[in-house]
Amino acid sequence: MLDTGDNHIDDHVDEEIKTCFDIDAPKSFFTFAGAGSGKTRSLVNTLKYIDDKYRDYFINHSRRVAVMTYTNAASDEISRRVEYNPIFSISTIHSFLWGLIKNHQSDIQDWVINDTKEAIVDLEEKEKKGRAGAASDNRKKQILSKQSRLEKMEKTIRFSYNPNGENIGFDSLNHAEVIKIGTHLIHNNRTMQKILINKFPIMLIDESQDTKKELIDALLFVAESNESFVVGMFGDMMQRIYSDGKEDLAQIIPEDWIKPEKVMNHRSRKRIVDLANSIRKDVDGMSQKYRSDKLGGFVHLFITDNTADKQKFELNVSQTMAKITGDKKWLIPSETKSLILEHHMAASRFGFLEFFSPLYKEEKLKIGSLDGSLPEVTFFTNIILPLREAYLSGDNFEISRIVKKYSPLLSKKAFLKNKSNQLNQIRMVNESVNRIFELWSSDKEPTCLEILACIDNEKLFEIPERLQGLHLIEVDDVESTEDSVLVALHLSMSVPFSQVKLYDSYVSGESPFDTHQGVKGLEFPRVAVILDDEEAKGFLFSYEKVFEAVEMTATDKRNEMDGKDNSISRTKRLFYVTCTRAEESLALVAYTKDPQAVKQYAMSNSWLSEDEITVFD
């Protein structure tokens, strides 16, 4: 048994980190911080130490400490805990990079022009190889659109970007472009490197395992050639959940970096910590200790055939957990947190699978579809959906606000062009808006493609480039094209618009279920993790392969032998993240083709004992 002294076994970590900021001998560092280890607390303690010891230095030299977070929520929480101290620049990756590059407009222009030229060449190559038809017409339209944008960009004085809103217009950069431009300039532009180091001599990165691999490479490059530049990373490779994170980050951290490790789990009770250690035992061998005042805890695995009535079964699970734990709050839905491993499960349960699945399967669209930032999606969620909601609630003021904000027909340029008849211009816009609303007449539910067709006809809003002309393409032409992004977008936009609303509710956190992405860093007393490959329809994850209820594919085996990421390793990470959200009790709910195989694996790997497993035939 641990004694109370062990609860402070990680106190040395914060002290080690403090040594890295010695002005005469600065050091970069990577802090391993597993689930519930108090990573954010260590980050905040680090900032408070810097403020106490070096505040005057930063103020007198007009310098700041940069803290990059993965989400706005994390940024807000850290800012609150350091009382919005002005010597700290705490922001998301997108916001930080934009703040760094926004005044370097000529560099931005050069990058965007070169990138657009490359895109045109790529489209022209595809057009040479492709067949005639609507898909070809769409490529030609994209080429013309990019050529038009190229001409405008060569005359553009200033590019714009909004990290938290819609980026429309030829002179607006999207999220992906800001990341690419910022990373490129940090890695390749000596002037930008000097500006970065001079302005932010200390850079701390939260959730470094999920930070874009290209950005990590760029920062490592700058740190290697500039000893005065301190990079501090906080993370846990077992909690890497995004595919664009640096897969081998822990292995490539330079030898001369400080590498403190936090081994405590302050969140979960002993039984849950033991399970977490078992899950990652054969992944990286890392393990955590539980607090001496957090003994006990409950873990129980419920297994049933995947044809079961899921709503009824999960209600039964809650009732059984209430009996096992003696905790009646398991009977109150709002007092328990249900987590799922895969977004497809949520899409299937909540009715937006046909909209989500094509986007998620396409590698170039996947990340944006997970967090709702994909420009082709935000066009609907930030403009069309609020417009429709305002109409349903009879809010004419909100309708006017949205149209005025986003429609080029109500821009200053449009009014200057039509000085003599501005009232007629407004009347025409109102008619266009009404024609969009008419798509829902007689209880009809239009598809996203039908909405695009109407908007294109009315010229009411600027349609994102990859959606332009999409409604003109026939299904047969889409199926015959080699443009996988075009195929994915066409499939997704062919569904009823109602699925967009359901999708938006989910990514906004308004559904009763959360995924690993939505809850990383959070904690709940009672957690139910839902495992359902059939509902998940995932090709990247498979808990049944982990539990050996389904055989690994040849690709899985090859990737595993080559030391590459595969469906087994990905699923174990997600399983670890969801299980370690639980503080007091954890229910694992497994739907499977082979209940006995799942039970046997859980027991033979010492994840659970037989009395912690219930199989429902």
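So the sequence shown is residues 1 to 617, counted in full-length UniProt numbering. Where is the CB? At the ideal position from N, CA and C, for every residue including glycine. This one's a predicted model, so the numbers in the text were calculated from it and none came from an experiment.
By the neighbour-count criterion, in which a residue is buried when 16 or more other Cβ atoms sit within 10 angstroms of its Cβ, Ala554 is exposed. DSSP places Met68 in the uninterrupted beta strand (DSSP E) bounded by Val65 to Thr69. In this structure, the beta-carbon distance from Ala582 to Ser268 falls below 8 Å. The straight-line gap separating the alpha-carbon atoms of Thr46 and Lys53 is approximately 11 Å. According to the DSSP assignment, Ala554 belongs to no beta strand (DSSP E) but to the alpha helix (DSSP H) extending over Ala554 to Met561.
According to DSSP, residue pairing for Asp305 in a beta bridge involves Thr592. According to the DSSP assignment, Lys102 belongs to no alpha helix (DSSP H), since it is labelled neither H nor E.
The Cβ atoms of Glu462 and Pro408 lie closer than 8 Å to each other. In this structure, the alpha-carbon of Ser400 lies about 19 Å from that of Asn421. Taking a cut-off of 8 Å for Cβ pairs, the region 227 to 236 and the region 263 to 280 do not touch, as fewer than three such pairs fall below it. For Pro386, the uninterrupted alpha helix (DSSP H) run begins and ends at Leu385 to Leu392, by DSSP. Unbroken beta strand (DSSP E) stretches of 3 residues or longer found wholly inside the region 297 to 346: 298 to 305 and 337 to 340, given in chain order. DSSP lists Phe32 as the bridge partner or partners of Glu261. Cβ neighbours of Ile93 within its own chain (closer than 8 Å, five residues either side excluded): Met68, Thr69, Tyr70, Ile179, Thr211, Lys212 and Leu215.
Non-local beta-carbon contacts of Lys246 in its own chain, meaning distances under 6 Å to residues more than five positions away in sequence, involve Lys213 and Ile216 in chain order. Three or more Cβ pairs closer than 8 Å define a contact, and the region 602 to 615 falls short of that threshold against the region 356 to 367. Between Gln499 and Phe352, the C-beta gap is smaller than 8 Å, which places the two residues in contact. In the three-state DSSP reduction, Pro408 falls in the helix class (H, G or I). At a Cβ-Cβ threshold of 8 Å, Phe221 and Ala66 do not count as neighbours. Between the alpha carbons of Phe524 and Thr336 lies a gap of roughly 8 Å. Per DSSP, the unbroken alpha helix (DSSP H) holding Gly368 starts and ends at Glu363 to Asp371.
In its chain, beyond the 5 residues on either side, Ile143, Lys146, Gln147 and Leu150 have a beta carbon closer than 8 Å to the beta carbon of Ile120. Boundaries for Arg41: no beta strand (DSSP E) harbours it, while the alpha helix (DSSP H) harbouring it runs Lys39 to Asn60, taken from the DSSP string. When secondary structure is reduced to three states using DSSP, Tyr576 falls in the helix class. Counting along the chain, Ile90 sits inside the beta strand (DSSP E) bounded by residues Phe88 to Thr92.
When only Cα atoms are considered, Phe159 and Leu410 end up about 21 Å apart.
In the DSSP assignment, Thr183 falls within the alpha helix (DSSP H) that extends over His175 to Asn188. With respect to the C-alpha of Glu431, the residue from Lys444, Glu458 and Cys448 having the closest C-alpha is Glu458. The DSSP-derived three-state label of Ile241 is coil. Straight through space, the alpha carbons of Ile455 and Leu392 are spaced by roughly 19 Å. For Phe616, the secondary structure class from DSSP, reduced to helix, strand or coil, is strand. Under the three-state reduction of DSSP output, Arg427 falls in the helix class.
Phe229 and Ser28 have their C-alpha atoms roughly 8 Å apart. Here Tyr591 really is in contact with Asn306; their C-beta atoms are around 4 Å apart, less than 8 Å.
In the three-state reduction of the DSSP assignment, Pro163 falls in the coil class. By the CB criterion at 8 Å, Ile272 and Leu522 fall outside the cutoff.
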